[in-house]
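The opening position of the sequence shown corresponds to residue 0 in numbering that gives the first Met the number 0, with each subsequent residue numbered one higher.
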Amino acid sequence: MRVLGIESSCDETAAAVVETSADGVGWRQRSSVVASQVHIHREWGGVVPELASRQHLRDISAVVTQALADAQAGWGDLDAIAVTQGPGLVGSLLVGVAFAKALGVARGLPVLPVHHLAGHIESLALHNGDLPWPAIVLIVSGGHTSLYHVPSPGVYHLVGRTRDDAAGEAYDKVAKLLGLGYPGGPLVDRRAASGDPHAVSFPIPKLTHDDRAAGPATYAAPGVAPVSKRRADFSFSGLKTAVRRHVELATDRGTRPLTERAIDDICASFQRVVVQTLLDRTFAAAAWLDVRAVGIAGGVAANRGLRAEAEARGARTGLPVFVPSVALATDNAAMIAAAGLRRWAAGVRGAVLDFNADPALQL
Ligand code: KG4
Ligand code: ZN
Numbered sequence: 000m001r002v003l004g005i006e007s008s009c010d011e012t013a014a015a016v017v018e019t020s021a022d023g024v025g026w027r028q029r030s031s032v033v034a035s036q037v038h039i040h041r042e043w044g045g046v047v048p049e050l051a052s053r054q055h056l057r058d059i060s061a062v063v064t065q066a067l068a069d070a071q072a073g074w075g076d077l078d079a080i081a082v083t084q085g086p087g088l089v090g091s092l093l094v095g096v097a098f099a100k101a102l103g104v105a106r107g108l109p110v111l112p113v114h115h116l117a118g119h120i121e122s123l124a125l126h127n128g129d130l131p132w133p134a135i136v137l138i139v140s141g142g143h144t145s146l147y148h149v150p151s152p153g154v155y156h157l158v159g160r161t162r163d164d165a166a167g168e169a170y171d172k173v174a175k176l177l178g179l180g181y182p183g184g185p186l187v188d189r190r191a192a193s194g195d196p197h198a199v200s201f202p203i204p205k206l207t208h209d210d211r212a213a214g215p216a217t218y219a220a221p222g223v224a225p226v227s228k229r230r231a232d233f234s235f236s237g238l239k240t241a242v243r244r245h246v247e248l249a250t251d252r253g254t255r256p257l258t259e260r261a262i263d264d265i266c267a268s269f270q271r272v273v274v275q276t277l278l279d280r281t282f283a284a285a286a287w288l289d290v291r292a293v294g295i296a297g298g299v300a301a302n303r304g305l306r307a308e309a310e311a312r313g314a315r316t317g318l319p320v321f322v323p324s325v326a327l328a329t330d331n332a333a334m335i336a337a338a339g340l341r342r343w344a345a346g347v348r349g350a351v352l353d354f355n356a357d358p359a360l361q362l
């Protein structure tokens, strides 16, 4: 079984070929091509949706052609096409969805619509082989901070999510505040490595009261006592504000520049709080749900501080921690092809081609 994956939900145009291994167990990546638009959006300090969809249109044909060439595959070697249906920017999603549907009709191939976050979750199994299920998976990216209970392969239950900013978004905003550039995550990560994580005592975000963005009160996993959903939710906008206030004070409202050392310390202190918040919730949920593994996926899973601390906590609690490679952590189409293979294994044989891009698709 060989699947062409297509991803265009945000600012990366990507295509990849992934197949089931010769022994029938696990998946093998034959190719993965990513055309990043970072150079276009950098000028604006964030993704500009209209520019993103136009660039997807320019890039998608060449990216798909390259993915097939790298995989040494022709159209006749493919069994299906998997495409990100949502969530994401609607104009961006439409490019991938329309392209996949057209290919499906032209080449007589079934088209499997895939949820972007299912792709991030399956990046773990693509990179590591199947995890010991049940697992808890934290997805941390520029657009999402969500915790999923995965009781068995291909089954995803939302346990918690951010009520405001995503963790990657907080990284990007803090980087902007410090004048570091875009995208901010890798830059803050690098500066954090030379700073003192205890130099500034930013508050650890706590969700002690219900608010308008709170979800349903409980998450009931099959066979497990209901868990207070509130306790598994995240919030990062208060932390971002705390960093802004600290910078305002330290610079006398922008009249004095921060020293390089002060920037390193702010990055390290911010990162310590983000990492602690993410892992406190994840490992608490792992204990409540009595899982056998912890997975961390999405762009922020590339963060060195997060990886190191997750592994340390995993070792302390006896839970194996799985992360994807850096290339599979940020947006790519190999994970989308893998999610397509997962759906195929569950008996899905392609969608009726009137399905549409859905910017708010639920998993
Ligand atoms: O998964 P992804 O490529 O796209 C989304 O679906 O959002 O994630 C991109 C996000 C950006 O916010 C970027 O700043 C962040 O991941 N990121 C990082 C690191 N590398 C990328 N954040 C922290 N540390 C990193 N090393
Ligand atoms: Zn993503």
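Note that CB positions come from ideal geometry on N, CA and C, so glycine has one too. All figures in this text were calculated on a predicted structure; none of them were measured in a lab.
### Query
Can you give, in chain order, each stretch of the beta strand (DSSP E) that sits fully within the segment 90 to 148 and has at least 3 residues?
110 to 114 and 134 to 139
### Message
Let me confirm a value: Gly95 is counted as buried when at least 16 other C-beta atoms fall within 10 Å, else exposed. Which label applies?
### Response
buried
### Query
Per DSSP, what kind of secondary structure is Phe233 in: helix, strand or coil?
strand
### Query
How many angstroms separate the CA atom of Gly153 from the CA atom of Ala283?
23 Å
### Integer-rounded CB distance, given that Val299 should sit under 8 Å from Tyr170
7 Å
### Query
Hey, would you say Ser8 sits closer than 7 Å to Gly87, going by beta carbons?
yes
### Query
How long is the line joining the alpha carbons of Val242 and Lys172, rounded to whole angstroms?
10 Å
### Task
May I ask you to verify whether the segment 139 to 150 touches the segment 256 to 263, counting CB pairs closer than 8 Å and requiring at least 3?
no
### Query
Where does Arg27 fall in DSSP's three states?
strand
### Query
Thinking just about the alpha-carbon of each residue, which of Thr316, Gln71, Pro323 and Val104 is nearest to the one in Arg29?
Gln71
### Query
Which same chain residues, not among the five before or five after His55, have their C-beta less than 6 Å away from its C-beta?
Ser7, Thr12, Ser91 and Val94
### Coil, strand or helix - Asp357 by DSSP
coil
### Message
Using C-beta distances below 8 Å, list every residue in its chain close to Val351, excluding the 5 sequence neighbours before and after it, in chain order.
### Response
none
### Query
For Val325, which residues from the same chain have a beta carbon less than 7 Å from its beta carbon, with the 5 sequence-adjacent residues on both sides left out?
Ala301
### Query
Which partner residues does Arg160 have in the DSSP bridge list?
Ser145
### Query
Taking just the CA atoms, how far does Ala328 sit from Ala314?
22 Å
### Query
Are Ala261 and Ser31 touching if we call contact CB-CB under 7 Å?
no
### Message
Alpha carbons only, please: which of Asp58, Gly107, Arg303 and Gly317 is nearest the one belonging to Asp78?
### Response
Gly107
### Query
Does the beta-carbon distance from Ala296 to Ile39 come in below 7 Å?
no
### Query
Taking C-beta to C-beta, are Ala338 and Ala117 nearer than 7 Å?
yes
### Task
Closer than 6 Å by C-beta to Leu50: which residues in its own chain qualify, once you throw out the five before and the five after it? Chain order, please.
Ile39
### heavy atom of the ligand KG4 below 6 Å from Val299 C-beta
yes
#### Entry: Residues of its chain near Ser122, where Cβ-Cβ distance is below 6 Å and the 5 sequence neighbours each way are ignored
Ala296, Pro323, Leu327 and Met334
### Message
Am I right that Ala15 and Gly4 are in contact with their C-beta atoms under 8 Å? What's the rounded C-beta distance?
### Response
5 Å
### Query
For Asp330, is the beta carbon positioned less than 6 Å from some heavy atom of the ligand ZN?
yes
### Query
Roughly how many angstroms lie between the CA atoms of Trp132 and Trp343, to the nearest whole one?
19 Å
### Message
Considering Cα atoms alone, identify which of Val272, Gly45 and Phe98 is closest to Gly142.
### Response
Gly45
### Task
Identify which residue in Tyr155, Glu310, Asp263 and Ser35 has its Cα closest to the Cα of Val187.
Asp263
### CA-to-CA distance, Arg53 to Ser60, given in whole angstroms
13 Å
### Query
Among residues of its own chain, excluding the 5 on either side of Arg174, which ones have a beta-carbon nearer than 6 Å to its beta-carbon?
Sequence inspection shows Ala at residue 174; the Arg mentioned does not correspond to that position. Closer than 6 Å at the Cβ level, and outside the excluded window around Ala174, lie Gly183, Leu186 and Val187.
#### Entry: Outcome for Thr281 when other beta-carbon atoms lying within 10 angstroms are tallied against a minimum of 16
buried
### Task
Just grab the DSSP bridge partners of Phe321 for me.
Gly294
### Task
Report, in whole angstroms, the separation of the C-beta atoms of Glu308 and Val274, which I expect to be a contact under 8 Å.
5 Å
### Message
Given the structure, does Ser20 come close to the ligand ZN, in the sense that its CB is under 6 Å from one of the ligand's heavy atoms?
### Response
no
### Task
Just tell me which of Gly167, Asp195, Phe354 and His119 has its CA closest to the CA of Tyr155.
His119
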